[in-house]
Amino acid sequence: MITLTSDFGSPYPAAMKGVIRRHTDAELIDVAHDLPRGDPRAAAFWLRFVLPEFPPAVHCAVVDPGVGTDRAALVVRAGDHALVGPDNGVLLPAARELARADADDDGPHIEVFTWSYDDPASATFHGRDVFAPAAATVHETGVDAVETLARANRTDDYTNLRFPEPTATEHTAVGEVLVVDDFGNAITNVPGRVLADAFGGTVAVDGESVPVRRAYAELGAGERLVTVGSHGNVELAVNRGRGDDAFDVTAGDSVEIGW
Amino acid sequence: MITLTSDFGSPYPAAMKGVIRRHTDAELIDVAHDLPRGDPRAAAFWLRFVLPEFPPAVHCAVVDPGVGTDRAALVVRAGDHALVGPDNGVLLPAARELARADADDDGPHIEVFTWSYDDPASATFHGRDVFAPAAATVHETGVDAVETLARANRTDDYTNLRFPEPTATEHTAVGEVLVVDDFGNAITNVPGRVLADAFGGTVAVDGESVPVRRAYAELGAGERLVTVGSHGNVELAVNRGRGDDAFDVTAGDSVEIGW
Amino acid sequence: MITLTSDFGSPYPAAMKGVIRRHTDAELIDVAHDLPRGDPRAAAFWLRFVLPEFPPAVHCAVVDPGVGTDRAALVVRAGDHALVGPDNGVLLPAARELARADADDDGPHIEVFTWSYDDPASATFHGRDVFAPAAATVHETGVDAVETLARANRTDDYTNLRFPEPTATEHTAVGEVLVVDDFGNAITNVPGRVLADAFGGTVAVDGESVPVRRAYAELGAGERLVTVGSHGNVELAVNRGRGDDAFDVTAGDSVEIGW
Chain A
1 MITLTSDFGS PYPAAMKGVI RRHTDAELID VAHDLPRGDP RAAAFWLRFV LPEFPPAVHC
61 AVVDPGVGTD RAALVVRAGD HALVGPDNGV LLPAARELAR ADADDDGPHI EVFTWSYDDP
121 ASATFHGRDV FAPAAATVHE TGVDAVETLA RANRTDDYTN LRFPEPTATE HTAVGEVLVV
181 DDFGNAITNV PGRVLADAFG GTVAVDGESV PVRRAYAELG AGERLVTVGS HGNVELAVNR
241 GRGDDAFDVT AGDSVEIGW
Chain B
1001 MITLTSDFGS PYPAAMKGVI RRHTDAELID VAHDLPRGDP RAAAFWLRFV LPEFPPAVHC
1061 AVVDPGVGTD RAALVVRAGD HALVGPDNGV LLPAARELAR ADADDDGPHI EVFTWSYDDP
1121 ASATFHGRDV FAPAAATVHE TGVDAVETLA RANRTDDYTN LRFPEPTATE HTAVGEVLVV
1181 DDFGNAITNV PGRVLADAFG GTVAVDGESV PVRRAYAELG AGERLVTVGS HGNVELAVNR
1241 GRGDDAFDVT AGDSVEIGW
Chain C
2001 MITLTSDFGS PYPAAMKGVI RRHTDAELID VAHDLPRGDP RAAAFWLRFV LPEFPPAVHC
2061 AVVDPGVGTD RAALVVRAGD HALVGPDNGV LLPAARELAR ADADDDGPHI EVFTWSYDDP
2121 ASATFHGRDV FAPAAATVHE TGVDAVETLA RANRTDDYTN LRFPEPTATE HTAVGEVLVV
2181 DDFGNAITNV PGRVLADAFG GTVAVDGESV PVRRAYAELG AGERLVTVGS HGNVELAVNR
2241 GRGDDAFDVT AGDSVEIGW
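Residue numbers (the working numbering), protein chains in the order written: chain A, 1 to 259; chain B, 1001 to 1259; chain C, 2001 to 2259.
Below is the structure:
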C-alpha cells in the first residue's frame, strides 16, 4: 500500500498515481492533497495524526516549498512503515510516532536515508519526477530492504522537525495553535490531560471563561467550547461553527489555558 | 466493497481508511466528504441519489452533529446492502431506496440494528473510533449475518427521516429546495412528471415565467431554466451558471411551480 | 484500469463509479473532478498533461456543457489507451499525445469512434447514463477490440481541438495563458525552450522585466518569476504566492515574452 499526501490540489496528484502505476500495482490511498500550501509543519501534524491508523505502508508525502533547490529527498524507515518526501521536517513527527510500536528500551528508532536522484524532468514537480518513483521503488523493494537500494544512503543529517511544547505552571499552560482543521477547530499543542478535571466546568482561554465539554453538541449551536479532540490535544471549538473565527486565532497563535 | 461518505473534509476520512485497512482488504470508494456540514438531511438526499448505483456494498456514512452524545449508532440492512452511521435519519431514505429492489407485496423491507460500542477513544471523531470499525466488521461478517454480531441489536426505535412531500393542486405544486448541488442547481422535492407537458414551453416559478427545457444548453449561457434533473426531480438551473443565485433560493426554501 | 475526469465536483462522480462497478472490477483512479466548469479546453490541457503518465488504460473524461443536446459521444483509441467522452474536443490533445509512443513514419495515429447510445435516463447527467457504461464496456471488451462493438462506429467527423500556437519573432513570443493551476501558476502555450539562455537572468513579460529561475524558491517569498513548468511550457509564477494575481492574468489572456 502507498499513501499519498500533498498540498498539490488537483490534478497533479493524478500524475503521481500514473507514474506509480507504471512501477507497481500497490494500492493507492489518498491522505489529503489540500493541506496548507507550502507548510511542512501543518503537513507534519496531519501525517502524525493519520498515518498511525494505517497498517504497514509506504507513505509518500510532498509538501515541498523548496522543490528544485538542493534540499535532499529522504526515505525514513519507522517500524514496518517507510515515509518518502523532502528533507524539510514533514516526515519526522509521523515517523517517530510510527516507530513507537517497535520501541525498545532506548525508545523509538527511525532510520533516515537520503534518496539520490538523477536530474529530474522538472524543477517544479518532484512529486511526479522524484518522490513518486522513489515511493514505488521502496514499495517494490520492501521497507525492510531500503539499504539495498543504491540510491538510499543512511544519514544523520536531516531536518528533524519537532512541534513546540507548551509551557506549564500549576494552573496554566501557554501553548500554541498548531493547525486549524476543515471544521474551523483550532487544535493546540496543549495536552488534553490538563482538562481532566474541568469537564462540565470552565477554563480560562486567554483570560475569558469558556465551557469545557466532551462533545460539541453538549452546548447550543454557535456556542464556544474547549474540548479534547481526537488527537488528544486541547481544541478551541464552536458547536456547529468555526472555533478559529470565534476565538480569533489562526495557526501559530499563542493560547493560554488556565484552570 | 465499502463506500465512505461524510462532511469531514480532509484529512479525517483518511484516518477512517487506515482503521478499515487494519480490518479488511475491502475496496474503498469515496462517495463524498464535502457534504453540507452537520446536515443529515442533505446527506440523506445524496446517499439516496448515489448508493442505488452501486452493486451490493457496505456504506459508511457519517454526518453526525451529535457525535459524542448518547445518540445511537445504527446498522441498516437493505436488500444486499448495509448502511452504517449515526441515528439521525441520514441512512434511512437511501436504505428504503436500496430495499426496493427486493420489495415484496408488503413493500420494501429494511432492518435496523443499533450498534453498541465501547467507550471510544474520542468523543469528537466517531467516524474513526466507532463507524469505521463497525463498517469493517459488518463487511467481514457479511451483510446477511449482521444479527450474528453481539454488538448488533434489532430495533424499531430510530430516526426515520422522510423528505417533505410537495402539496399539489391541479395546476400547481408547492415544494421545497432539498439541496443545491455543486453546479448551483437547486434541486426540489417536486417530481419531474409535473413538467411532462411543459418541455419547450414555460412554467411559473413563484409566479415568474421560466422556460422548461430538457438540456441546459438548449438556452443561452446565463439563462434561467427549469428542468428534470438526473434524480427525477424538478430543478431550478442556469445554463453555465448557478440556479441558486439566479432564483435566489437555498436549501429549505419553499418553491411554487405552476403550469 | 479506468481513470475518471470531470468538472462535476461532488458527489456526482461516485454515481459514475457505482455504475462502472456494476460492469467491471477495473481499478478506478480519479484524475480530477474540479476542473474549470464547462471548459473543454482547460480539461483537454490537463488530460494531455496527466494521462501520458499512466500505463494503458481507459480514460473517461466528462466536461460536457452540451450534455443532453445532439453532440456525439466518442471513443478515441490512442495506442493502448482509449478515451471516452463528449465530442467537444476534450479528448483529442491527450489522445494525440498518447498515440505518439506508437507513432510510425506518418506520425501518431488515433482512431475516433462515435458511441451510439439509447435514450438515456437523464438529459443532464450523461456521465452516469452514457459515459460510465461506455467506459466500462470498452474496458471489458478491450481497447484493441473497440470496432467489434455495435455501438462504436469509426468517424472522421469530430471536434479536433488544438491549442493555439504562439507567434514568435527572433526575440519575442506572443502566446496565451492556457490554464491557471491550483497554485495560481499561469501556464502559457509558449514552449519552455525560449527561456533556455535566460535562467538566472530576466525576460520581459508584457514589457516588464521579470527574473527567470528554474525553481520557485530561488527567489524570496512573494517575488514574481518566469519558469518552465512540469508541462514544458513557460509559466508565470510567484514563489509561495499566486502568479495569476501578481501578473493580473487569467486563462485566455495574451502574454508577450521578450528575451
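Every residue, glycine too, gets a C-beta built ideally from N, C-alpha and C.
Where residue i falls, given that 16 or more other Cβ within 10 Å makes a residue buried
i                  : result
Gly1220 of chain B : exposed
Leu1188 of chain B : The amino acid at residue 1188 of chain B is misidentified as Leu; the sequence shows Thr. Burial call: buried.
Ala2101 of chain C : exposed
Arg1022 of chain B : exposed
Gly175 of chain A  : buried
Glu2147 of chain C : exposed
Glu1170 of chain B : exposed
Gly2200 of chain C : exposed
Gly1229 of chain B : buried
Residue closest to residue i, alpha-carbon to alpha-carbon, out of the options
i                  : options                                    : result
Ala2145 of chain C : C:His2081, C:Leu2098, C:Tyr2117            : C:His2081
Glu2256 of chain C : C:Gly2207, C:Val2226, C:Gly2243, C:Val2031 : C:Gly2207
Pro1164 of chain B : B:Val1177, B:Tyr1158, B:Glu1170, B:His1171 : B:Val1177
Asp2253 of chain C : C:Asn2239, C:Val2180, C:Gly2229, C:Glu2218 : C:Val2180
Trp1259 of chain B : B:Asp1119, B:Ala1173, B:Leu1051            : B:Ala1173
Phe2131 of chain C : C:His2059, C:Gly2142, C:Ala2078            : C:His2059
Ala1026 of chain B : B:Tyr1012, B:Leu1004, B:His1139            : B:His1139
Ala32 of chain A   : A:Thr24, A:Gly107, A:Leu51, A:Val112       : A:Leu51
Arg48 of chain A   : A:Ser10, A:Val67, A:Leu98                  : A:Leu98
Gly1222 of chain B : B:Ser1006, B:Leu1236, B:Arg1077            : B:Leu1236
Ala94 of chain A   : A:Asp34, A:Ala57, A:Ala123, A:Asn239       : A:Ala57
Thr2202 of chain C : C:Ala2043, C:Asp2064, C:Ala2217, C:Thr2227 : C:Thr2227
Gly1066 of chain B : B:Asn1160, B:Thr1124, B:Leu1092            : B:Thr1124
Ser116 of chain A  : A:Asn160, A:Thr24, A:Arg214, A:Leu149      : A:Leu149
Ala2186 of chain C : C:Pro2013, C:Asp2248, C:Ile2020            : C:Asp2248
N- and C-terminal bounds of the beta strand (DSSP E) containing residue i
i                  : result
Thr1188 of chain B : 1186–1191
Arg1077 of chain B : 1073–1078
Phe113 of chain A  : 110–115
Endpoints, the alpha helix (DSSP H) within which residue i is located
i                  : result
Asp244 of chain A  : 243–247
Thr2227 of chain C : First-last for Thr2227 of chain C: 2224–2228, but that is the beta strand (DSSP E), not the alpha helix (DSSP H).
Leu2195 of chain C : No alpha helix (DSSP H) contains Leu2195 of chain C, which DSSP labels as neither H nor E.
Arg1022 of chain B : 1012–1023
Pro93 of chain A   : 92–99
Glu140 of chain A  : 132–141
Pro2164 of chain C : Taken as a continuous stretch (DSSP letters only), Pro2164 of chain C belongs to no alpha helix (DSSP H), as it is neither H nor E.
Euclidean distance between Cα positions of residue i and residue j
i                  : j                  : result
Asp1087 of chain B : Arg1151 of chain B : 15 Å
Ile1002 of chain B : Thr155 of chain A  : 41 Å
Lys17 of chain A   : Ala2251 of chain C : 26 Å
Ala964 of chain B  : Pro1211 of chain B : Lying before the first or after the last residue shown, residue 964 of chain B is absent from chain B, which here runs from 1001 to 1259.
Pro166 of chain A  : Val194 of chain A  : 11 Å
Val190 of chain A  : Ile1029 of chain B : 35 Å
Gly1127 of chain B : Gly38 of chain A   : 28 Å
Val143 of chain A  : Arg2224 of chain C : 41 Å
Asp1118 of chain B : Gly2089 of chain C : 55 Å
Trp2046 of chain C : Pro40 of chain A   : 27 Å
Ala1134 of chain B : Gly1079 of chain B : 19 Å
Asn2233 of chain C : Gly2192 of chain C : 5 Å
Leu2035 of chain C : Ala1103 of chain B : 40 Å
Asp2197 of chain C : Glu2111 of chain C : 40 Å
Gly241 of chain A  : Val1063 of chain B : 15 Å
Closer than 8 Å at the beta carbon, the chain C residues around residue i
i                  : result
Tyr1216 of chain B : Pro2065, Val2067, Gly2068, Thr2124
Gly38 of chain A   : Arg2240
Phe1187 of chain B : The sequence given here places Ile at residue 1187 of chain B; Phe does not occur at that position. By Cβ distance, chain C contributes nothing, its closest Cβ being about 11 Å from Ile1187 of chain B, past 8 Å.
Trp1046 of chain B : Pro2011
Chain-ordered neighbours of residue i on chain B, where CB pairs are closer than 7 Å
i                  : result
Val2019 of chain C : Glu1053
Within chain F, the residues that residue i reaches when beta carbons sit closer than 7 Å
i                  : result
Ser1010 of chain B : Looking at the structure shown, chain F is missing, and the protein chains on hand are A, B and C.
Amino acids of chain C, ordered along the chain, whose beta-carbon sits closer than 9 Å to that of residue i
i                  : result
Val1210 of chain B : Within 9 Å Cβ-Cβ: nothing; Val1210 of chain B doesn't reach chain C, min ~16 Å.
Within chain A, the residues that residue i reaches when beta carbons sit closer than 8 Å
i                  : result
Ser2006 of chain C : Those do not exist, as Ser2006 of chain C stays about 11 Å from chain A at its closest Cβ, beyond 8 Å.
Leu2229 of chain C : This sequence places Gly at residue 2229 of chain C; Leu is not what is there. Those are Ser122, Thr124, Phe125, listed as they occur along chain A.
Phe2049 of chain C : Pro11, Ala15
Ile2257 of chain C : The premise fails here: Ile2257 of chain C is roughly 17 Å from chain A at the closest Cβ pair, so nothing lies under 8 Å.
Chain-ordered chain A contacts of residue i [CB-CB under 9 Å]
i                  : result
Arg1128 of chain B : Glu53, Ser230
Ala1196 of chain B : Chain A residues near Ala1196 of chain B: none, gap ~39 Å exceeds 9 Å.
Cross-chain neighbours of residue i in chain B, by beta carbon under 9 Å
i                  : result
Arg2022 of chain C : Glu1053, Phe1054, Pro1055
Proximal residues of chain A, C-beta to C-beta of residue i below 7 Å
i                  : result
Ala1042 of chain B : What Ala1042 of chain B touches in chain A: nothing, since even the nearest Cβ is about 14 Å away.
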